[in-house]
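Novice:
Number of protein chains: 2
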Amino acid sequence: MVARAVAAPAPLAIGLDVGGTKIASGLVDREGNVVARHEVPTPTGSEQEVVEALDAAVTALIDGRVAALGYGIPANIDRRTRRILRATNLPLDDFDLVKHAAQAFGLPVGVENDANVAALAESRLGAGRGASTMVMLTLGTGVGGGIVFDGRLYRGWAEIGHVVVLAGGPSCQGHCHGHGHLEALASGTAADRIARELYGPDADAHFLLARAREGDAAALERFTEMSGYLGAAIGSFVNLFDPDLVVVGGGFGEAAADLLLAPVQEAARREALGPVDETLRVAPAELGNEAGLVGAGLVAFEVLDEAS
Amino acid sequence: MVARAVAAPAPLAIGLDVGGTKIASGLVDREGNVVARHEVPTPTGSEQEVVEALDAAVTALIDGRVAALGYGIPANIDRRTRRILRATNLPLDDFDLVKHAAQAFGLPVGVENDANVAALAESRLGAGRGASTMVMLTLGTGVGGGIVFDGRLYRGWAEIGHVVVLAGGPSCQGHCHGHGHLEALASGTAADRIARELYGPDADAHFLLARAREGDAAALERFTEMSGYLGAAIGSFVNLFDPDLVVVGGGFGEAAADLLLAPVQEAARREALGPVDETLRVAPAELGNEAGLVGAGLVAFEVLDEAS
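Those protein sequence lines, which keep their order, are chains A and B.
Read in order, the letters of the first sequence are residues 5 to 312 in the working numbering.
Read in order, the letters of the second sequence are residues 5 to 312 in the working numbering.
Shown next, in the form of structure tokens:
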């Protein structure tokens with residue numbers, strides 16, 4: 005007698021996109037479809053409050069189909085232990101979320117830097133579909149990013165915003181004491197600073213963008229300068245990783261795509277070694293805010309597959 | 005009846021360190037011991053001459069114990085096909101050495117960039133013993149290097165000398181059209197240029213080193229400057245890869261270690277994100293010229309293990 009297997013329902017994952025203002029969670033399938041969603045404000049008080057909110061965000065969605073949990077966190081994650089070392093805008097410094105969530109829910113757990121998670125999503129489902137190696141830059145308040153090598157997310161820091169592109173240049177803000185890092189030269193924060201320099205204390209990145217689109221020479225010059233720094237950093241990444249594609253996303257990156265991407269690609273080709281110097285593509289991200297949630301789900305499936 | 009296995013002799017590999025002036029080959033065991041050696045000058049004429057010399061360097065050492073071949077080549081290697089794209093000082097552009105050698109000798113073949121190969125050797129047997137992730141810089145005429153992630157050699161370009169550390173800075177020489185790359189700012193060639201600037205057309209890197217050791221202020225200032233650029237690049241690598249250790253080797257790197265390594269470590273810590281900013285170690289390479297030969301043998305074993 006032949007035993008007939010009953011097909012198990014395809015497993016789902018819960019992906020959590022954890023930000024300083026909200027926690028978005030979703031039930032995600034292997035193809036990155038979000039079949040249910042949940043969103044709550046991020047508590048600002050203590051570690052305990054945040055952890056309780058994270059657990060509630062899982063509990064709101066969990067059912068028997070859920071096989072793994074994935075978290076995208078704005079933090080440095082220890083490469084080996086997966087412990088959160090230092091989080092940005094969240095009281096989760098030095099916290100072992102993998103251990104906590106595995107004990108609380110009895111499932112495999114992945115914890116990743118939020119920009120890494122977005123890079124994974126873009127590589128599988130967004131601008132990087134078909135590319136086996138991809139570098140993604142997310143230009144927002146700061147500059148983050150991630151690296152996908154041969155289809156797999158690089159699990160190291162990938163603090164792409166903190167490469168030096170202008171030794172001795174302007175200093176970073178916050179906990180970084182470096183100088184001339186990409187984040188200090190080409191980001192939403194850098195654009196805010198430039199806007200204030202050019203147009204006074206009330207101007208910001210949006211104002212700078214509007215002036216550049218009107219053809220204001222000073223604004224355009226500063227976008228050319230930012231494009232040069234972004235191109236320098238991307239040229240460095242190309243010479244290190246030989247990616248098929250470089251994807252630029254993030255709030256500022258998307259808002260300024262029309263002004264930045266073509267000159268960034270040109271500048272990056274100048275810095276890239278041949279034969280990539282003629283073929284390198286710099287493309288806009290496609291998934292927008294959705295990348296965090298979907299990518300966290302994909303990280304959960306990666307951990308599930310490693311565990312089985 | 006229990007079958008008794010006869011222990012096969014441990015396999016050996018032939019590693020070839022292929023340079024512009026000589027081809028060094030060696031019979032290497034898994035532990036990196038070199039049990040036999042061979043060396044011939046590199047022909048300078050045609051691709052065919054070089055390939056014949058490479059084959060002869062294998063034939064001189066091959067016996068029944070040899071299970072794989074590994075080549076370290078001063079070249080860009082295509083990440084996927086392993087084809088040599090562009091070689092430095094060798095007529096091997098656009099040549100499929102893996103295919104050629106596999107057909108000629110019927111063995112698994114690894115072909116790697118020479119600096120990557122040296123990084124693998126340092127990580128297993130040299131300064132990087134015990135470190136799971138290591139970045140190595142080889143400072144010679146140019147700047148090369150390699151990255152070992154979690155014990156395995158990163159097989160991409162890792163053109164570490166061509167990261168931009170000073171956007172808009174001095175241009176590279178040869179086939180690179182970039183500006184402000186590490187190689188143009190801190191290498192044997194850069195030191196030669198600085199020596200000529202300071203002391204006239206006959207001065208070179210050795211003279212600059214001698215003057216700095218005598219306490220010459222101008223020479224020391226330029227070493228401080230080079231240390232800053234090296235520290236900037238290393239800070240970038242640390243923020244990307246979170247290595248346990250950064251190793252500096254190469255002819256110029258070894259000759260100038262006493263002047264460079266301490267200030268380089270200090271500068272790199274300034275650019276590194278915490279908590280590595282307090283713990284980062286920059287150490288001298290230990291294997292010297294031997295790294296190329298031994299590393300090529302280790303690459304052969306990596307390919308052998310992947311094939312089986």
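We put the CB at the ideal spot given by N, CA and C, even for glycine.
Tell me whether the beta-carbon of A:Ile66 lies closer than 8 Å to the beta-carbon of A:Ile18.
Specialist: For this step, residue 66 of chain A is matched to residue 62 along the first sequence. For this step, residue 18 of chain A is matched to residue 14 along the first sequence. Yes.
Novice: So the beta strand (DSSP E) A:Ile238 belongs to, where does it begin and stop?
Specialist: Along the first sequence, read from residue 1 onward, the residue named residue 238 of chain A stands at position 234. No beta strand (DSSP E) holds A:Ile238; the alpha helix (DSSP H) holding it covers 221–245.
Novice: Using only alpha-carbon positions, find the residue among A:Ala266, A:Glu306, A:Ala108, A:Gly68 that is nearest to A:Ala287.
Specialist: Taking the first sequence and counting its residues from 1, the one referred to as residue 287 of chain A is at position 283. Among A:Ala266, A:Glu306, A:Ala108, A:Gly68, the Cα nearest to that of A:Ala287 is on A:Ala266.
Novice: For the beta strand (DSSP E) that B:Val169 lies in, which residues bound it at each end?
Specialist: Residue mapping note: residue 169 of chain B aligns to position 165 of the second sequence, counting from 1. Where B:Val169 is concerned, there is no enclosing beta strand (DSSP E), given that its DSSP letter is neither H nor E.
Novice: Using a Cβ-Cβ distance under 8 Å, would A:Val6 count as near chain B?
Specialist: In the first sequence, the residue the question calls residue 6 of chain A occupies position 2. At A:Val6 the pLDDT is 49, less than 50, meaning the model places this residue with poor confidence; the figure from the coordinates comes in the next sentence. No, no contact with chain B.
Novice: Pick helix, strand or coil for B:Gly144, following the three-state DSSP scheme.
Specialist: If you number the second sequence from 1, residue 144 of chain B lands on position 140. The three-state reading of DSSP puts B:Gly144 in coil, since its state is none of H, G, I, E or B.
Novice: Buried or exposed for A:Val39, please, with buried defined as at least 16 other CB atoms from any protein chain shown within 10 angstroms of its CB.
Specialist: The count along the first sequence starts at 1 and reaches residue 39 of chain A at position 35. Exposed.
Novice: Taking Cβ to Cβ, would you say A:Gly74 is nearer than 8 Å to A:Gly255?
Specialist: Position 70 of the first sequence, counted from the first residue, corresponds to residue 74 of chain A. Position 251 of the first sequence, counted from the first residue, corresponds to residue 255 of chain A. Contact: no.
Novice: Would you list, in chain order, the members of the segment 240–267 of chain A that have their beta-carbon closer than 7 Å to a beta-carbon of chain B?
Specialist: Ser240, Asn243, Leu244, Phe245, Asp246
Novice: Are three or more beta carbon pairs between the segment 209–223 of chain B and the segment 165–180 of chain B nearer than 8 Å?
Specialist: no
Novice: In three-state terms, what does DSSP make of B:Asp67?
Specialist: As a first step, residue 67 of chain B must be located in the second sequence, where it is residue number 63. Looking at B:Asp67 - three-state DSSP - the assignment turns out to be coil, as it is neither helix nor strand.
Novice: Beta strand (DSSP E) containing B:Ala28: first to last residue?
Specialist: In the second sequence, the residue the question calls residue 28 of chain B occupies position 24. It spans 26–32 - the beta strand (DSSP E) in which B:Ala28 sits, taken as one unbroken run.
Novice: Using a Cβ cut-off of 9 Å, pull out every chain A residue sitting near B:Ala195, in sequence order please.
Specialist: One-based indexing of the second sequence puts residue 195 of chain B at position 191. Simply none; closest approach about 17 Å.
Novice: Is B:Asn93 close to chain A, meaning its C-beta is less than 8 Å from at least one C-beta of that chain?
Specialist: Taking the first residue of the second sequence as position 1, residue 93 of chain B is located at position 89. By this cut-off, B:Asn93 is not an interface position.
Novice: Taking C-beta pairs closer than 7 Å, name the residues in chain E that A:Ala162 reaches, listed in chain order.
Specialist: Of the protein chains in this structure, namely A and B, none is chain E.
Novice: Can you tell which of A:Pro205, A:Asn93, A:Ala14, A:Val268 has its C-alpha closest to the C-alpha of A:Glu35?
Specialist: For the purposes of this step, residue 35 of chain A is taken as residue 31 along the first sequence, with counting starting at 1. For A:Glu35, the nearest C-alpha among the options comes from A:Ala14.
Novice: State yes or no: is the beta carbon of A:Glu275 nearer than 8 Å to at least one beta carbon in chain B?
Specialist: Here residue 275 of chain A refers to the residue found at position 271 of the first sequence. At least one chain B Cβ lies under 8 Å of A:Glu275.
Novice: Under 8 Å between C-beta atoms, does B:Pro279 make it to chain A?
Specialist: Stepping through the second sequence from its first residue, residue 279 of chain B is reached at position 275. Judged by the 8 Å Cβ criterion, B:Pro279 is in contact with chain A.
Novice: Can you tell me whether A:Glu43 is helix, strand or coil according to DSSP?
Specialist: Position 39 of the first sequence holds residue 43 of chain A. Looking at A:Glu43 - three-state DSSP - the assignment turns out to be strand.
Novice: Using a Cβ-Cβ cut-off of 6 Å (strictly less than) and excluding sequence neighbours within five positions of A:Val6, which residues of its own chain qualify?
Specialist: Here residue 6 of chain A refers to the residue found at position 2 when the first sequence is read from its first residue. Note that A:Val6 has pLDDT 49, beneath the 50 cutoff, so the model's placement of it is unreliable and the number below is only indicative. Excluding sequence neighbours, A:Val6 sits near nothing in its chain.
Novice: Quick one: any contact between the segment 111–123 of chain A and the segment 293–307 of chain A, if contact means 3 or more CB pairs under 8 Å?
Specialist: yes
Novice: By alpha-carbon positions, which one of A:Gly49, A:Gly68, A:Val44, A:Arg69 ends up nearest to A:Leu58?
Specialist: As a working note, residue 58 of chain A is residue 54 in the first sequence. Looking at the Cα atoms, A:Val44 is the closest of the given residues.
Novice: When DSSP labels each residue in this structure, what does A:Tyr203 get in the three-state scheme?
Specialist: On the first sequence, position 199 is the one that residue 203 of chain A refers to. Here A:Tyr203 sits in helix by DSSP.
Novice: Quick test of the definition: if touching needs 3 or more C-beta pairs under 8 Å, does the segment 148–167 of chain B touch the segment 241–251 of chain A?
Specialist: yes
Novice: Tell me which same chain residues have a C-beta within less than 7 Å of the C-beta of A:Arg159, skipping the five on either side of it?
Specialist: Taking the first residue of the first sequence as position 1, residue 159 of chain A is located at position 155. Closer than 7 Å at the Cβ level, and outside the excluded window around A:Arg159, lie Arg83.
Novice: At a CB-CB cut-off below 7 Å, which residues of chain A make contact with B:Ala171?
Specialist: Looking up residue 171 of chain B in the second sequence gives position 167. What B:Ala171 touches in chain A: Val169, Leu170, Gly232, Tyr233, Ala236.
Novice: Is it the case that the Cβ atoms of A:Glu126 and A:Gly253 are separated by a distance below 8 Å?
Specialist: Residue numbering aside, residue 126 of chain A sits at position 122 when the first sequence is read from its first letter. Residue numbering aside, residue 253 of chain A sits at position 249 when the first sequence is read from its first letter. Contact: yes.
Novice: Three-state secondary structure (DSSP) at B:Pro95?
Specialist: Residue mapping note: residue 95 of chain B aligns to position 91 of the second sequence, counting from 1. Coil.
Novice: Give the C-beta separation of A:Gly257 and A:Leu143 to the nearest angstrom, bearing in mind that I take them to be a contact with Cβ-Cβ under 8 Å.
Specialist: The residue given as residue 257 of chain A occupies position 253 in the first sequence. The residue given as residue 143 of chain A occupies position 139 in the first sequence. Contact flag correct, Cβ pair sits at about 4 Å.
Novice: Show which residues of chain A have a CB atom less than 9 Å away from the CB atom of B:Arg90.
Specialist: Working through the second sequence from its first residue, we reach residue 90 of chain B at position 86. Residues of chain A passing the Cβ test: Leu277, Gly278, Pro279.
Novice: Against chain A, does B:Gly146 count as a neighbour if the rule is that its beta carbon must be under 8 Å from one of theirs?
Specialist: Mapped onto the second sequence, residue 146 of chain B falls at position 142. No, B:Gly146 lies away from the interface with chain A (no Cβ there is under 8 Å from its Cβ).
Novice: Among the candidates A:Val147, A:Gly155, A:Asp154, whose CA atom is the shortest distance from the CA of A:Trp161?
Specialist: Locating residue 161 of chain A in the first sequence gives position 157, counting from the first residue. The shortest CA-to-CA distance from A:Trp161 to any of A:Val147, A:Gly155, A:Asp154 is the one to A:Val147.
Novice: Below 8 Å on the Cβ atoms is my contact criterion, and I expect B:Asp196 with B:Ala188 to pass it. Report the Cβ-Cβ distance as a whole number of Å.
Specialist: Taking the first residue of the second sequence as 1, we reach residue 196 of chain B at position 192. Taking the first residue of the second sequence as 1, we reach residue 188 of chain B at position 184. At roughly 12 Å, the Cβ-Cβ gap does not stay under 8 Å, so B:Asp196 and B:Ala188 are not in contact.
Novice: Let me know the secondary structure DSSP gives B:Leu302 once reduced to three states.
Specialist: Counted from its first residue, the second sequence places residue 302 of chain B at position 298. B:Leu302: helix per DSSP, three-state reduction.
Novice: Once you ignore the five residues that flank A:Asp21 on each side, which residues in its own chain have a CB closer than 6 Å to its CB?
Specialist: Locating residue 21 of chain A in the first sequence gives position 17, where the first residue counts as 1. Same-chain partners within the cutoff: Ala28, Gly76, Gly296, Leu297, Ala300.
Novice: For A:Asn80, which residues in chain B fall below 9 Å Cβ to Cβ?
Specialist: Within the first sequence, numbered from 1, the residue matching residue 80 of chain A stands at position 76. Those within 9 Å of A:Asn80 in chain B are Asp246, Leu277, Gly278, Pro279.
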